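Remember, my numbering sits 623 above the position in the sequence shown when you count from 1. C-beta: ideal position from N, C-alpha, C; glycine also. All figures in this text were calculated on a predicted structure; none of them were measured in a lab. These notes are about the structure you will find just below.
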Amino acid sequence: MVMTKVFDKLKDLQEILVHKYDLERKVREAPKQLTSQEELLDRMKKEFIGKNTDYEEAKAKVARLQSELDEAVKSRESGEKGMDNITTHREYEALDRQISEASLKEQDIRKDLQKEEKTLADLNDNLKQVEAMIKSQEADLNAGRASLDKELNSYKSELAALQKKENKITPDLDQEILFKFERIIQRNTQGIVAVKNGVCQGCCMFLPAQFANEVRKNEDILFCPYCSRILYYEEASEDQKQSFTGSLANLDDDDDFEDDFEDEDEENEEKEAAGDDDEIFDEEDDIDDDENEEDDIDDEDDDQS
624 MVMTKVFDKL
634 KDLQEILVHK
644 YDLERKVREA
654 PKQLTSQEEL
664 LDRMKKEFIG
674 KNTDYEEAKA
684 KVARLQSELD
694 EAVKSRESGE
704 KGMDNITTHR
714 EYEALDRQIS
724 EASLKEQDIR
734 KDLQKEEKTL
744 ADLNDNLKQV
754 EAMIKSQEAD
764 LNAGRASLDK
774 ELNSYKSELA
784 ALQKKENKIT
794 PDLDQEILFK
804 FERIIQRNTQ
814 GIVAVKNGVC
824 QGCCMFLPAQ
834 FANEVRKNED
844 ILFCPYCSRI
854 LYYEEASEDQ
864 KQSFTGSLAN
874 LDDDDDFEDD
884 FEDEDEENEE
894 KEAAGDDDEI
904 FDEEDDIDDD
914 ENEEDDIDDE
924 DDDQS
């Protein structure tokens, strides 16, 4: 097969594979769209179970208090009825004490009962709210699942159509090259790119001149040594050539600037070295002057003696 046709097939296959891998990714990630809704529904159900437990406990407490209240009322009423049949003062005191204690107990129980009944009513309202929210969330989740199923079916239909196109192209291609090509596209989305002005259009790296010439011949399938993409030669437009030439000129200007900068550094180093020599000579002169002064002092001492 002529290499031009091979490259054309690879370009067509690249479009198919990019779309295919994108759809496969969407199929894998689609169920995650409902994860947050499912987690929210689970939290609501746990909340409902907790509140329902509290509700049942409050309900049992209300029933117990109601039973205690009934007993207190009966005790008070029994004492009040007994007042009509008392014959002694001691009987009167006993019944009066029974009535007083029963009345106090009745009042305390009524207060507790009213408090617990209010708690029970609040819990009941909360349960109804949570239950309504659960039903609403379940409806949303079911709608989301239906929409997701429809979306997945659409993806699968597209994938089936792409697979048919892929099957028409791949039999004529070398299987080893095809394997590498698919791996590259999965990693970089581009498996075949052009070479313009000796530059790989995939990774924008300059190719070795000899290698670029081999690509230009279009005699074999060659892979970029930097990004591993399959390469084919494409003539650059005049604007691209001028832009490329300008880029090279800028590189030369940068080199000249660096050379000038280096020359200037060398001149500065020479000047600094010359300055150091002058300082050395000055120090030697100072030393000679000091020695002469010492000789003069010695001569004066000899004359005095």
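Residue pairing of residue 817 in beta bridges, as defined by DSSP: 855. With a minimum length of 4 residues, the unbroken runs of alpha helix (DSSP H) contained wholly in the region 624–677 fall at 626–652.
Taking the CA atoms as reference points, residue 831 sits about 26 angstroms from residue 797.
Measuring C-alpha to C-alpha distances from residue 632 to each of 760, 731, 723, 790 identifies 790 as the nearest. When secondary structure is reduced to three states using DSSP, residue 830 falls in the coil class, being assigned neither helix nor strand. Bounds of the alpha helix (DSSP H) holding residue 760 are 712–792. One Cα belongs to residue 741, the other to residue 656, and the distance between them is close to 41 angstroms.
Assignment of residue 692 by DSSP, reduced to helix, strand and coil, places it in the helix class. Within the same chain, 782 come within 8 angstroms of residue 647 by CB-CB distance, once the 5 residues on both sides are set aside. With at least 16 other beta carbons inside 10 angstroms of its own, residue 688 counts as buried. Residue 719 and residue 732 have their C-alpha atoms spaced approximately 20 angstroms apart. The secondary-structure analysis by DSSP pairs residue 802 with nothing; it has no beta-bridge partner. Distances from the alpha-carbon of residue 640 to those of 820, 850, 847, 810 put 810 closest.
Judged by their CB atoms, residue 763 and residue 637 are not nearer to each other than the 8 angstroms cut-off. It is roughly 40 angstroms from the alpha-carbon of residue 685 to the alpha-carbon of residue 710.
Here the alpha carbon of residue 681 sits roughly 13 angstroms from the alpha carbon of residue 749.
Sequence-distant partners of residue 747 (beyond 5 residues in either direction) whose C-beta falls short of 7 angstroms from its own C-beta, in its chain, are 678. Scanning 626, 735, 760, 739 for the CA closest to the CA of residue 664 turns up 760.
Taken atom to atom, the span from the alpha-carbon of residue 799 to that of residue 806 is near 11 angstroms. Contact annotation, residue 852 with residue 815: C-beta distance approximately 6 angstroms; criterion of less than 8 angstroms satisfied.
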